[in-house]
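Data block below; observations after.
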Amino acid sequence: MPHDLPEPYLRTGQVAERAGVNIQTLRYYERRGLITEPRRSPGGHRTYPPETVTLLGVIKAAQRLGFTLDEVAELLETGRRAHPSQDLRQRATLKLAEIESKIADLTTIRATLRQVIAARCDSLTHCTCPDCPLPFAGLAEPEEPRP
């Protein structure tokens, strides 16, 4: 099967398939500078080096760890400077604190929802259950006008 693509460069669809992303994601990452702009084949097709697949995997893994694309871009830029940095460790420490805070918030939400279910709450504004666990049920009542 003849083609105008020098080996081992990959076309857009090949990179997207191997990395498990769609073509729009690949182009978006290119526009954002997360991956370098590909060269063009003699036929005008975008051609990527095989390490682009690995880089896309790194980007997706960092996102699964909770890093935003802006944070990923900054970390990649730090890594591209080719000298060791404590930046990843510092950012991971901050991200861990952020995640732990979210877990604490979710734990509180879960406990409150369990209390709502157990108390058989029936309304956000006029709950009739005794000792309603909803922290805002009392706030729904209109205040008495002050003389």
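Quick note: the sequence shown uses full-length UniProt numbering, first residue 1, plus one each step. Note that CB positions come from ideal geometry on N, CA and C, so glycine has one too. It should be emphasised that the depicted structure is a prediction, and the values quoted were computed from it without experimental measurement.
A straight line joining the alpha-carbon of Gly57 with that of Ala73 spans about 14 Å. Runs of the beta strand (DSSP E) spanning 3 or more residues and lying entirely within the UniProt domain "HTH merR-type" (9-78) occur at 46-48, in chain order.
Here the segment 64-73 lies against the segment 87-104, with 3 or more beta-carbon pairs under 8 Å apart. Under the DSSP assignment, Arg120 falls outside any alpha helix (DSSP H); it carries neither an H nor an E label. A straight-line Cα-Cα distance of about 16 Å links Thr12 and Arg32.
Annotated three-state conformation of Leu134 is coil, per DSSP. Residue environment for Pro38: buried (at least 16 other C-beta atoms within 10 angstroms of its C-beta).
If you draw a straight line from the Cα of Ser41 to the Cα of Thr47, it is about 6 Å long. The beta carbon of Leu55 is closer than 7 Å to those of Ile35 in its chain, skipping five residues each way along the sequence. In the three-state reduction of the DSSP assignment, Thr108 falls in the helix class, which pools H, G and I.
Annotated three-state conformation of Arg81 is coil, per DSSP. The straight-line gap separating the alpha-carbon atoms of Thr112 and Gly20 is approximately 38 Å. Going by C-alpha positions, Asp122 is about 20 Å away from Thr108.
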